[in-house]
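A short worksheet on the structure shown next.
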Amino acid sequence: MKLIYKFSLWYLVITFFVLIIGGVLSYYTIKNEVDREQARYLKKNIDFTVQELTRGIFPDSLSQNRMEITRLAPNTPEIDFLVRDTMVWRDYLKRMEPQVKVSASRVINKQHYFISTYGAIVDTQDITDAVVKSITGIFLIMLVVTGFVSVLISKKILMPFNKTLKAMQSFSLRQKKALQLPVTHTVEFKKLNTFLEGMIAKAQQDYQTLKEFTENASHELQTPLAIIIGKLELLMNSEINDHQAKLIISAHDAVEKLSKMGQSLTLLTKLDNREYESEDIINFSQALKESLFAFEELIEMKSLKLEQVIEENILINIHPVLNNILLNNLLSNAIRHNRENGIIDVKLSGKMLTIANTGEPLDFPPVEMFKRFRKNNQSSDSIGLGLAIVYQICEQNNIKINYGYKKRMHVLNLVFQ
Amino acid sequence: MKVLVIEDNNDLAQNITEYLTREGYICELANNHSNAIDKLSAFQYDCIVLDILLPDGNGLDILSFIKSERFKSGILIISAKNSLDDKINGLGLGADDYLTKPFHLPELNARLKAIYRRKYLQGDYEVYFNEIRINTNTMEARVDDNLLDLTRKEYTLLLYFLINQNRVLTRQTIAEHLWGDYADNLLNFDFVYQHVKNLRKKIVLANGTDYIETVYGLGYKLNTSKQ
């Protein structure tokens, strides 16, 4: 829900309750006022009746519809005005109505009269109606006005905030230029923008440092490794015995492995830093066929049977270098973890690539399949980064990848989005 | 062949010059940018081995310098940066080949010889040893007059052996030479053994001497002293 709608909703809910309380208050205020006026009018009537009685007119002729005059015992004390509420049957409303009743007793010409009269200028029902109508009216006006005003105000007041949001959304750490946020005079937004600008400048700097470190680390590592490999190769060609040869070749292999590991980790870091983003659309079917062709010989040498069904002209958006790494890792994996005379089954149709190969089941839970340095046979020669790289590439290119072991075959499924 | 090695790391430079000198190259060494420019201005070289990252300047500048002075030397870049951009930049500026560190010395040798053949002999060149001859232009190999029926990989392998005579070539080195990046993920090199076996069989069948021998524990070697 938009911020401004939340504000408005709360505002309206609060207004609603305030108006209800206000309605009750105004009802009682109006009713009080009307009742007081009514009482004054009735008192005047009584005063008039008292005057008439004083002039000697008979009480009977003064008693009318709303005026009752009765006699009291002469020695009872006089009652000054007594105002009370009473219920009166109203014919036209067909129900009892609360009305004001004023009574008084006066001693006139040695006779003690009790005079009482009642009436209402305005019906209680009418007051209620009026109050409800006006309150509803006010509420409706508030609703419309709040709606309009909130949209306008949100546009105006929240404009710098929305601009900041937009700038943040389109911002990428890889971009070289600093983040430019709109100028605002609202203190909170000013604080927010200053904070964001500072934080992002720092992040950009860190990102740059990290990138440089990765590149330098790779460079600085590879040079000593190149030296070691070179020295070992020179040593190999000197006069050595079999035992020394064995020592040299294990050292040589270990250095090779170290170098491969360094390169793979560098690649993973580059992937983490999203250095391979591309708008390129490539013909995946073509690339897959080329990769399969490159591995043809290796497949033959292990006496593997390759079954392939490849739909033509499947296009996907991926960096060509990454695609190459992805396919090479998947296929070499399917070859390496296969058995002699095994099968490799490659299917590409629609948006799905399936690569299945025969092989021994995993000796670890399948969920750890894509973890770094996870290998089926921990002592094996592989460095255990191939599938971690595959996973990382998939994640960054919106490719869903999952693994299963069915009918003694390892099955990897890639679904392009 | 006269080669200038431009490399700031002394150990690495020594490895390269030692290997290449044994191959009969005349090697000179420049260990920084200005030294390299001095030597390039004073002498002529057939090939230049160029490290891109130097302490006092970028190797690519030297490349531009060589091109602007119209030197005819073949240029092989060696770089620790396995980045596509560097590769494209280097080759775009006129380098002949690009090798990523760490590399194998026999590989460096093979690349330099290939550059030399392309640049100075228009590719029409015979690599030979005794009765074995390879025409790198037609990609044909013969034992005396018998044409060998080799697969592409076997041909490449034979050429590699002939270029690195009397050198131990490990299975790893051979695998990377034959399969390039594809060898990366296949750390079992049985297939190298297969190729070497087939190649030896074909040479023997064509009445050639089986010069290629297994060096126990290390790999293979073309032994020129074998009778």
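The listed protein sequences derive, respectively, from chains A and B. According to this note's numbering, the first sequence is numbered sequentially starting from 1. According to this note's numbering, the second sequence is numbered sequentially starting from 1001. The C-beta atom is built at its ideal place from N, Cα and C for all residues, glycine as well.
Just confirm the distance between the C-beta atoms of Asn419 (chain A) and Ile282 (chain A), as a whole number of angstroms; I'd bet it's less than 8 angstroms. In the structure as shown, chain A begins at 1 and stops at 417. Residue 419 (chain A) is therefore absent and cannot be evaluated.
In chain order, what residues of the same chain have a beta carbon less than 8 angstroms from the beta carbon of Val122 (chain A), not counting five sequence neighbours either side? Val34
Candidates A:Ile355, A:Tyr391 and A:Leu348: closest to Val367 (chain A) by CA position: A:Tyr391
Any beta-carbon of chain A closer than 9 angstroms to the one on Gly1219 (chain B)? yes
Counting Cβ pairs, one atom from each stretch, are 3 or more of them under 8 angstroms apart for the stretch 90 to 107 of chain A and the stretch 146 to 154 of chain A? no
By a C-beta neighbour count over all protein chains shown, 10 Å radius and 16 as the cutoff for buried, is Lys371 (chain A) buried or exposed? exposed
From the DSSP output, in three-state form, read off Arg408 (chain A) for me. Coil at Arg408 (chain A), not helix or strand.
Is the CB of Pro1106 (chain B) under 9 angstroms away from at least one CB in chain A? The beta carbon of Pro1106 (chain B) falls within 9 angstroms of a beta carbon belonging to chain A, placing the residue at that interface.
Could you work out which residues of chain B lie near Asn398 (chain A), taking near to mean beta carbons separated by less than 7 angstroms? Chain B residues near Asn398 (chain A): none, gap ~22 angstroms exceeds 7 angstroms.
Measure from the C-beta of Asp206 (chain A) to each C-beta in chain B and report whether the shortest distance is under 9 angstroms. no
Segment limits, beta strand (DSSP E) that includes Phe1100 (chain B): Residue identity check: residue 1100 (chain B) is Thr in the sequence provided, not Phe. Thr1100 (chain B) -> beta strand (DSSP E) spans Asp1097 to Thr1100.
Residues of the stretch 1019 to 1044 of chain B with a CB closer than 9 angstroms to any CB of chain A: list them in chain order, please. Of all residues in the stretch 1019 to 1044 of chain B, only Tyr1019 and Arg1022 place a beta-carbon less than 9 angstroms from a beta-carbon of chain A.
So, helix, strand or coil for Ile1212 (chain B), using DSSP? Residue state, collapsed to three classes: strand.
How close, in whole Å, do the beta carbons of Asp1046 (chain B) and Ser1068 (chain B) come, if the pair is a contact with beta carbons under 8 angstroms? Contact doesn't hold; Cβ gap of about 19 angstroms is too wide.
If the cut is a Cβ gap below 8 angstroms, which residues of chain A does Ala1228 (chain B) touch? Outside the shown range of chain B (1001 to 1227) lies residue 1228 (chain B), about which nothing can therefore be said.
Rounded distance between the beta-carbons of Leu298 (chain A) and Phe1129 (chain B), thought under 8 angstroms: Taking a contact as a CB-CB distance under 8 angstroms, the pair Phe1129 (chain B) and Leu298 (chain A) does not count as one, their CB atoms being some 30 angstroms apart.
With Tyr11 (chain A) as the anchor, note down where its alpha helix (DSSP H) starts and where it stops. Leu3 to Thr54
Residues of the stretch 1076 to 1106 of chain B with a CB closer than 9 angstroms to any CB of chain A: list them in chain order, please. Ile1078, Ser1079, Ala1080, Lys1081, Asn1082, Ser1083, Leu1084, Thr1100, Lys1101, Pro1102, Phe1103, His1104, Leu1105 and Pro1106
Could you run through the stretch 221 to 240 of chain A and flag, in chain order, every residue whose CB is less than 7 angstroms away from some CB of chain B? Gln222, Thr223, Leu225, Ala226, Ile227, Ile229, Gly230, Lys231, Glu233, Leu234, Met236 and Asn237
How about Lys1153 (chain B): is its C-beta nearer than 9 angstroms to some C-beta of chain A? yes
Limits of the alpha helix (DSSP H) - the one that Ser1079 (chain B) falls within: Where Ser1079 (chain B) is concerned, there is no enclosing alpha helix (DSSP H), although the beta strand (DSSP E) it sits in stretches over Gly1074 to Ser1079.
Can you list, in chain order, the residues of the stretch 399 to 411 of chain A whose Cβ is nearer than 9 angstroms to any Cβ on chain B? none
On the three-pair Cβ rule with 8 angstroms, is the stretch 302 to 315 of chain A touching the stretch 339 to 356 of chain A? A contact exists between the stretch 302 to 315 of chain A and the stretch 339 to 356 of chain A.
So, is Lys133 (chain A) buried or exposed, given that buried needs 16 or more other C-beta atoms within 10 angstroms? exposed
State yes or no: is the beta carbon of Ile344 (chain A) nearer than 9 angstroms to at least one beta carbon in chain B? Ile344 (chain A) is outside the set of residues whose beta carbon lies under 9 angstroms from a beta carbon in chain B.
Nearest to Ala178 (chain A) by alpha carbon, out of A:Phe284, A:Lys202 and A:Ile79? A:Lys202
Out of A:Pro320, A:Leu331, A:Leu165 and A:Glu312, which has the shortest C-alpha to C-alpha gap to Leu348 (chain A)? A:Glu312
Between Asp1011 (chain B) and chain A, is any beta-carbon pair separated by less than 9 angstroms? yes
Roughly how many whole angstroms lie between the Cα atoms of Tyr1155 (chain B) and Ile1115 (chain B)? 18 angstroms
With Arg1152 (chain B) as the anchor, note down where its alpha helix (DSSP H) starts and where it stops. Arg1152 to Ile1163
Within the same chain, show all residues whose beta-carbon is closer than 7 angstroms to that of Arg374 (chain A), passing over the 5 residues directly before and after it, in chain order. Phe364, Glu368 and Gly384
Rounded to whole angstroms, how far is the Cβ of Asp1096 (chain B) from the Cβ of Ile1075 (chain B), which I believe are closer than 8 angstroms? 5 angstroms
Assuming Ile1077 (chain B) contacts Ile1037 (chain B) (C-beta within less than 8 angstroms), just tell me the rounded distance between them. Between Ile1037 (chain B) and Ile1077 (chain B) the Cβ distance is about 17 angstroms, and since that is not below 8 angstroms, they are no contact.
Between the alpha carbons of Gln205 (chain A) and Thr1100 (chain B), how many angstroms are there, rounded? 29 angstroms
Select from B:Ile1174, B:Arg1167 and B:Pro1055 the residue whose C-alpha is nearest the C-alpha of Asp1211 (chain B). This sequence places Tyr at residue 1211 (chain B); Asp is not what is there. For Tyr1211 (chain B), the nearest C-alpha among the options comes from B:Arg1167.
Is the CB of Gln1172 (chain B) under 9 angstroms away from at least one CB in chain A? yes
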